Amino acid sequence: MKRIKPFTYFAPATVSEAVGVLAKEGVGAYPLAGGTDLLVRMKRGDLAPGALVNLKRIAGLDGIVKESGGLRIGALATIRAVELSSVVRASHPVLVEAAGLLGSPSIRNLGTLGGNIGRASPASDMAPSLIVLRGRIGIEGVEGKREVAVEEFFKGPGETVLSSGEMITSIYVPEMQEGSGAAYMKIGRLEGMDCALAGVAGYLALGAKGREVREVGLAVAACAPMPLRVKRAEEVLRSGDLTEERLQETARVVAEEVTPISDMRGSGWYRREVVGILAYRVLAKAWQLAAGDGGGR
Amino acid sequence: MKSAIEFKVNGERRQLEVEPWITLVEVLREILHLTGTKEGCGEGDCGMCIVLVDGRPVNSCLMLAVDVDGREVLTIEGLAEGGRLHPLQESFVERGAVQCGFCTSGMILSAKALLEEDSGAGEEEIKRGLSGVLCRCGSYKKIIEAVQEAGEKMKEKGRR
Amino acid sequence: MKLHYVGKSVPRVDGLEKVTGGAIYSVDVVLPGMLYGAVLRSPVAHGRMVRVDVAEAWKVAGVRAVVTGQDFPHTFGNMIKDQPFLALDRVRYVGEPVVAVAAETELAAQEAVGKVRVEYEKLPAVFDPREAVAKSAPLIHEHLEEYFHLPRYEIVPGTNICVIRTYSLGDIEQGLAEADEIFEDEYHAHAVAHTPMEPHAAVAQYFPPAEEFTLWSSTDRPHTMAKELAAALGTSLHKVRFISTYTGGGFGGKATMVAEGMAVALARFTKGRPVKVVLSREEELTASQTRVGAYLQLTTGVKRDGTITARKAEMIWDSGAYASWAPEVAFRGALQIIGPYRVPNLELRSRLVYTNKEISGPYRGFGTTQVTWACEVHTDGIAEKLGIDPLEIRLKNGYVEGDSYINGQILRGVGMMETLQRASRAIGWGEAKPSPGGSKRRGKGIAVTIKPTATPTESYCFIKVSDDGSVAILSSAVEVGCGQKTVLAQMAADTIGVPLASISVPQSDTHVTPYDLGVCSSRITYHMGNAVRMAGMEVRKKILKFAGEILEADPESLNLSEGKIFQKGAQEASLSLKELLAKKIGGRGGPILVAEGHYTPIGSPLLAALPGREGMSSIFWMFATHAAEVEVDTDTGMVKVLRVAAAHDVGKAIHPVMCEQQIEGSVIMGLSNTLFEEFKMENGRILNDTLADYKVASTMDTPEIVSIIVETEHPEAPFGAKGVGEPAAAPTAPAIANAIFDAIGVRFKELPITPEKVLSALRAKTKNGA
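Protein chains in written order, with the numbering used here: chain A, 5 to 301; chain B, 1439 to 1598; chain C, 355 to 1124.
Set out below in structure tokens:
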């Protein structure tokens, strides 16, 4: 099998040590979290970093804790930890749902939430849910700390707002509102594990009567250069009471709003077709959850 | 350049010096000569290299050896205790869940972790739990049956 | 004689090794002083090699050999000897081996490969075999006529057609004139990757003073490959030794030298140090072997009641850049296109064509899966147009016991009707269609296949009995996963009369275990089984003769059962085999009995046919019907296979569970080929060269599978057993496609049937106002 080529290895014990190394080494150094993406790219020869900075020696970056009306997930929390967390299931079950659709159990035991977000794949399974939940990314660098909304974190395929010498330390999601529900669904080429051809996360917070939309979030994966919040479609949802027709119209606008490419996995045409279907199904489920049927929070 | 690592493999303590670019599967197969763990793609897509690290299934082709320091690894060679086969190993043979055998290690270890988390795992849970291990011989049906049977045996014995 | 093991699903003899991590595959072989190989492969589909510069590669620390085609200018090919080990002056497909490197570590070898510089002058390439057939197409092998080729194959020099076969029967024009309706259509069965979980891998060692090679390989036909290698090197078989390991899946792709050739080319130059070559998954997908893609045009004349009167077929098979084993695929496929039906008038033409792509070869049959695809979708289309039930049309035209094959061979052991009836019953054929509601649609489809076995082929074995009653079967049947070792042990145990536990089936070694063609063509249970039975009967006879001497009794009155000698009518054993042998040889020790078994079907009356046409006979025929139920999501195009009822005529199930393994396994593989697998190509380069993007079925795609074993009589089969491994793989694809038609009224003639294609077809249908 393809062997990994030699690199200079750093295993910092603290965040400040890590960002110091990243800043010093510059573009030649890559942070290593779970390795499920980075090591694959290195083996295929798509990347040949001169240095790897292993973040996993840094203590305290893998916690999942309630925090001031929300949830803070450490960047190094594995996808599997998110999937199995009773804390996450209680407060943000859509994240459990999304995590469970990513890869396979063994991949989920290695891959981290920070790694998934930091990789900035347009097809990220975790990003759409974090976007609709108004998640914020905790960043630390040599210049200090800052927070960026998940929906503003991505600049393009594989590109983020992180500068050299910065790393993700945590992801914060505010508490979901009363009477809300959220869902994530994806479609691949088969039922088994696959990179999403299209993924949709939807979040609905409804008023007391169960039809007025107080808050909405809708985001897609794999249909744009980055995980995309589809704001025009959200406007359709906001524009009146929730009805079957509004859901269908929203789905239609999602399909119009996205800019999917054709690649070896699927055509832009197909992605556009199924993202609309997914949007409808996700919203229907989120509505059901929000209205208190069949579970919810 | 080499790092010292200390970890347990199948209950035995091992100390090695490894370069940081060496993966766990290379350590297991080429340094420790435990060839029961296979490598089918090197990229986490096939599951042949799955071993249990601290009880959790991971693709050992995507784990750097330096990250196994201080941890416990279980490979297929360590499953039988005192010469007695694990219920999964028994059921795999008895229920015809083995054909070419190349995926057997990844399947059995993934199933062990699954059953220890949920001994009553039904067909759907087993399918999901084993979704990351490919079997080109197509033994899925009998593998699922063998895992279910082993789950019953494990429940009966109160074993974990 | 009472059967203790045959017919029972005993624990397989290799099971313990495989569940404890003890089984050794070629990837696991480690030898003292072993080096690791890596290969530089052509990035160009067709080109002339202008310059090869290996200087920088030699500078990488640990490199011990760098080998080019100039250093090792041999070519190989059992059927058409057209393939260089390493490109000589020209490359013909992306992935063709150009330079090989051996080094102390695999990493060093890979790094050195990265430092080789090759300059190519691109040549016009051709990728579609239908274009490659044209006179104006770039010629891939200009000197086709100069290659050695087996006389069986007719080549067409000056073209890209490396094999052509035509066949006629009766009067095609008359047959079509008699028809009430004529249906014509074209089908495409695509190239798919065998995708064994164990990649191709081999270790080779060269002993310079005697110029001898030893290989450790998981090829499924070691003697045939040894012969191919010896012919390529111009050496004798006693200087080429293949030691077999377990095979981690073959499916027909491990017949040809892939890793073996590289390991040999390197070992030749490493001064006696063994060299191991393991293909990466990328190489496995792009540079090993694929199924032979085929364009199959069928024209069939039928009466209004569905009786077939005539068939014309035009078949174009895609060999890829070299012939390898594809000639036999095109040769056999030429006739198998008839399907399991009585067709009195035939005009068939089959052409194997070179293209600048990955080499193709056998894939669970020599063309069986491809012709079954075409034939069974075609038959379904005919049924639809005539308004006849798809099951009925097959019952009407299908073979029954005693029918004549096209060459006059009388078919024996024909379980086709029973497979059709039982599979259709199990799927609930004809029951009212459920409406799951919403966007989901259900449908059922059926398909049937016929498969011959390569005839005539030979199997030899030895059985040796040691002085403590231990029995060893020395056979070159490699264990590829189907349970070869187990069925042979079962048959030996019941033939001789010893416990199964006393039998070992060591690995094949071409210097020790006698000739066998190979594990292919579903032939081992029957051919090697017969050889084992013959050797076993001789062993039994000898043992009973000794017993007769010791007990002073007529051997005819004695019985050997479960390793004990019984006198006639006695309940208690007189003595054990071990005691008998101890008495016989006194204190001398050592192995005591060796018997040879040699089975060949040559001369069997079963092969009798019209004069000059015996070559088309098969010593046994296999039949299988798959009935599938699918659910199509018309919003997304996703097809879920709910259930497959698979009925197989195996003759006799020596090990019922292992028969089920083949059946279930093939349903999964068939489903995977049909719905998920395809090569995405760009200018001859395969883009999806990882398992992340060459999708194969996982547990999540598993349908409910009902395996039905049909048993029929065959006069010469060992314990009545025929074969099952290949026919299992053929009917799944058309059964699923026919079920999709039943569900949504769209008939697919190409593969794979992806969600995107389904959705696209549904949209087109709606647009056309259907």
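Glycine is no exception: its CB is placed at the ideal position from the N, C-alpha and C atoms.
From a predicted model like this one, the values you see are computed outputs, not experimental measurements.
* Asked: Nearest CA to the CA of Ser-590 of chain C: which residue from C:Gly-603, C:Thr-599, C:Ala-564 and C:Gly-607?
  -> Out of C:Gly-603, C:Thr-599, C:Ala-564 and C:Gly-607, C:Ala-564 has the C-alpha closest to the C-alpha of Ser-590 of chain C.
* Can you give me the start and stop residues for the beta strand (DSSP E) that Thr-849 of chain C sits inside? => Premise fails: Thr-849 of chain C lies in the alpha helix (DSSP H), 838 to 850, not in any beta strand (DSSP E).
* Alpha-carbon spacing of Gly-902 of chain C relative to Asp-908 of chain C, whole angstroms -> Computed Cα separation, rounded: 5 Å.
* **Whole runs of the beta strand (DSSP E) within the segment 989 to 1069 of chain C, excluding any shorter than 3 residues** => 993 to 1005 and 1058 to 1065, all fully within the segment 989 to 1069 of chain C.
* Asked: How about Gly-1480 of chain B and Lys-47 of chain A: are their beta carbons less than 7 Å apart?
  -> Closer than 7 Å, so yes.
* Within 7 Å, strictly: CB atoms of Ile-1514 of chain B and Ser-1543 of chain B -> Their beta carbons are under 7 Å apart, which means Ile-1514 of chain B touches Ser-1543 of chain B by this criterion.
* Whether Thr-867 of chain C touches Ser-829 of chain C by CB criterion (7 Å) -> Thr-867 of chain C places its beta carbon less than 7 Å from that of Ser-829 of chain C.
* To do: Report the partner residues of Lys-1111 of chain C according to the DSSP bridge assignment.
  => Under DSSP, Lys-1111 of chain C takes part in no beta bridge, so it has no partner.
* To do: Using a Cβ-Cβ cut-off of less than 7 Å, give me the residues of the segment 37 to 54 of chain A that come near chain B, in sequence order.
  => From the segment 37 to 54 of chain A, only Gly-39, Thr-40, Leu-43, Val-44 and Lys-47 have a Cβ closer than 7 Å to chain B.
* To do: Confirm, please, whether the CB-CB distance from Pro-1072 of chain C to Met-845 of chain C is below 7 Å.
  => For the pair Met-845 of chain C and Pro-1072 of chain C, the CB atoms are nearer than the 7 Å cut-off.
* Who does Pro-97 of chain A pair with in a DSSP beta bridge? -> According to DSSP, Pro-97 of chain A bridges with nothing at all.
* In chain C, which residues lie with their C-beta within 8 Å of the C-beta of Lys-6 of chain A? -> Going along chain C in sequence order, the residues near Lys-6 of chain A (Cβ under 8 Å) are Gln-464, Ser-634 and Glu-636.
* Opposing strand residues paired with Leu-222 of chain A [DSSP bridges] -> Here Leu-222 of chain A is bridged, per DSSP, to A:Gly-206.
* Does the beta carbon of Leu-114 of chain A sit closer than 7 Å to a beta carbon anywhere in chain B? -> The beta carbon of Leu-114 of chain A falls within 7 Å of a beta carbon belonging to chain B, placing the residue at that interface.
* To do: Could you check what DSSP says for Trp-1190 of chain C in three-state terms: helix, strand or coil?
  => The requested residue 1190 of chain C does not occur in the structure, where chain C is confined to residues 355 to 1124.
* Asked: DSSP state of Leu-1116 of chain C, grouped into three classes?
  -> Reduced to three states, the DSSP call for Leu-1116 of chain C is helix.
* Helix, strand or coil: how does DSSP classify Val-360 of chain C here? -> Here Val-360 of chain C sits in coil by DSSP.
* Cutoff 6 Å; reference Leu-1500 of chain B; Cβ partners in own chain excluding five residues on either side -> Closer than 6 Å at Cβ, skipping near neighbours: Gly-1482.
* Asked: Given 8 Å as the limit, is there contact between the segment 1013 to 1021 of chain C and the segment 957 to 964 of chain C, that is, 3 or more CB pairs closer than that?
  -> In this structure the segment 1013 to 1021 of chain C does not lie against the segment 957 to 964 of chain C, because fewer than three pairs of beta carbons, one per stretch, are closer than 8 Å.
* **C-alpha distance - Tyr-501 of chain C paired with Asp-436 of chain C, whole-angstrom precision** => Taking the straight line joining both Cα atoms gives about 6 Å.
* Neighbour list for Ala-617 of chain C in chain B, Cβ cutoff strictly below 8 Å -> For Ala-617 of chain C, no chain B residue has a C-beta closer than 8 Å to its own C-beta; the minimum C-beta separation is roughly 18 Å.
* Could you check which residue in C:His-495, C:Ala-580 and C:Tyr-753 has the C-alpha nearest to that of Glu-772 of chain C? => When only C-alpha atoms are compared, the closest one is C:Tyr-753.
* Stretch-stretch touch, CB-based, cutoff 8 Å, three pairs: the segment 609 to 623 of chain C with the segment 446 to 454 of chain C -> Yes, the segment 609 to 623 of chain C touches the segment 446 to 454 of chain C.
* Under 8 Å (Cβ pairs) to chain B, residues found in the segment 52 to 82 of chain A -> In summary, the residues of the segment 52 to 82 of chain A whose CB is separated from some CB of chain B by less than 8 Å are Leu-56, Asn-58 and Lys-60, in the order they occur in the chain.
* Asked: In this structure, does DSSP put Met-1439 of chain B in helix, strand or coil?
  -> Reduced to three states, the DSSP call for Met-1439 of chain B is coil.
* Would you tell me roughly how many angstroms separate the C-alpha atoms of Ala-855 of chain C and Thr-849 of chain C, rounded to the nearest one? => Rounded to whole angstroms, the separation of the alpha carbons of Thr-849 of chain C and Ala-855 of chain C is 14 Å.
* To do: State yes or no: is the beta carbon of Asp-1556 of chain B nearer than 7 Å to at least one beta carbon in chain C?
  => It does not; no Cβ of chain C falls within 7 Å.
* **Under 7 Å (Cβ pairs) to chain B, residues found in the segment 702 to 726 of chain C** => Here the close residues number zero.
* Please compile the residues from chain B whose C-beta is within a distance smaller than 7 Å of the C-beta of Asp-382 of chain C. => Listed along chain B, the residues sitting closer than 7 Å to Asp-382 of chain C by beta-carbon distance are Thr-1473.
* Using the C-alpha atoms, what's the distance from Asp-1492 of chain B back to Ala-1442 of chain B? -> Each residue's Cα considered, the two are about 19 Å apart.
* Return no unless some Cβ of chain A is closer than 7 Å to the Cβ of Glu-1104 of chain C. => No, no contact with chain A.
* Asked: Considering only C-alpha positions, which residue in the set A:Ala-202, A:Ile-83, A:Ile-111 and A:Leu-75 is nearest to Leu-43 of chain A?
  -> Nearest C-alpha to Leu-43 of chain A: A:Ile-111.
* Asked: For Thr-1044 of chain C, which residues of its own chain have a beta-carbon under 7 Å away from its beta-carbon, when the five flanking residues on both sides are left out?
  -> Cβ within range, chain order: Arg-635 and Glu-636.
* 7 Å CB neighbourhood of Pro-1010 of chain C in its chain, flanking five on each side removed -> Result list for Pro-1010 of chain C: Ser-363 and Ile-1063, in chain order.
* Could you pull the start and end residues of the alpha helix (DSSP H) that Lys-489 of chain C belongs to? => No alpha helix (DSSP H) holds Lys-489 of chain C; DSSP gives it neither H nor E.
* For Glu-1510 of chain B: DSSP bridge partner residues -> Answer is B:Lys-1446.
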